[in-house]
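Right, one structure below, let's go through it.
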Amino acid sequence: EAGVTQSPTHLIKTRGQQATLRCSPISGHTSVYWYQQALGLGLQFLLWYDEGEERNRGNFPPRFSGRQFPNYSSELNVNALELEDSALYLCASSLEAGLYTEAFFGQGTRLTVV
Amino acid sequence: SQQGEEDPQALSIQEGENATMNCSYKTSINNLQWYRQNSGRGLVHLILIRSNEREKHSGRLRVTLDTSKKSSSLLITASRAADTASYFCATDEDNYGQNFVFGPGTRLSVLP
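Those protein sequences? They're chains A and B, same order as listed. Sequential numbering of the first sequence, starting at 1, is according to the numbering used here. Sequential numbering of the second sequence, starting at 1, is according to the numbering used here.
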């Protein structure tokens, strides 16, 4: 069974541009989570999607947005990129939105803003 | 503030020794998960322990949970060089938020 897949693996953008990151969850998983891991820091929760809707959002500015498609894959969009947006962006999926679900992570997209 | 806080921040041991990492959290939880991350890559899920469980085992891993102290520990026995990684604990909030909250992690180095 394929795990969570993210693309691209690496992405280099210049300040002010937009970045689009993609995530395909494990087959059958309906919940998708996005996290940001800046260098030397822990994971910061960004967004949670379930059944196509945004369920929760972390403490990030509105230029961080996303969506979930009918096939449960997801996109994370970052507009007006800033240098401090450089980080590893991790996507995770879980079988359902519940109290005891395990989340499985992809390998991440490393975004570098120059 | 971070929900999960791992302790210590860094740990160096010799191959064959046991490694113990701790995690403390602040609010009530439904479950706590431990993950491993190799060199800035994706996270690997290790163990999920529920709030009504006290101990779980998986191979060389043993996780304990003390809800009265709001803490958990991860024990890796007979460590190997391949265990070198960062280890994170993640907790869920006690609502439908479902956003797993991670601590800053413990960087484990197992020396051959």
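Where is the CB? At the ideal position from N, CA and C, for every residue including glycine.
At a cut-off of 7 Å, the C-beta of residue 103 of chain A has a neighbouring C-beta in chain B.
When C-beta distances to chain A are compared with 7 Å, the residues of the stretch 35-47 of chain B below that value are 40, 41, 42, 43, 45, in chain order. For residue 112 of chain B, the closest Cβ of chain A is not nearer than 7 Å.
Straight-line measurement puts the Cα of residue 112 of chain A at about 24 Å from the Cα of residue 68 of chain A. Contact annotation for residue 42 of chain A against chain B: 2, 88, 102, 103, 104, 105 [CB-CB distance below 8 Å, chain order]. Under the 7 Å criterion on CB atoms, residue 66 of chain A is classed as non-interfacial with respect to chain B. The beta strand (DSSP E) runs of length 3 or more contained entirely in the stretch 5-36 of chain B are, from start to end of the chain, 5-7, 10-14, 19-24. Residue burial annotation: residue 31 of chain B is buried, with at least 16 other C-beta atoms found within 10 angstroms of its C-beta. Under the three-state reduction of DSSP output, residue 80 of chain A falls in the coil class, being neither helix nor strand. Excluding its 5 nearest sequence neighbours in each direction, residue 85 of chain B has C-beta neighbours in its own chain below 7 Å: 36, 37, 38, 108, listed in chain order.
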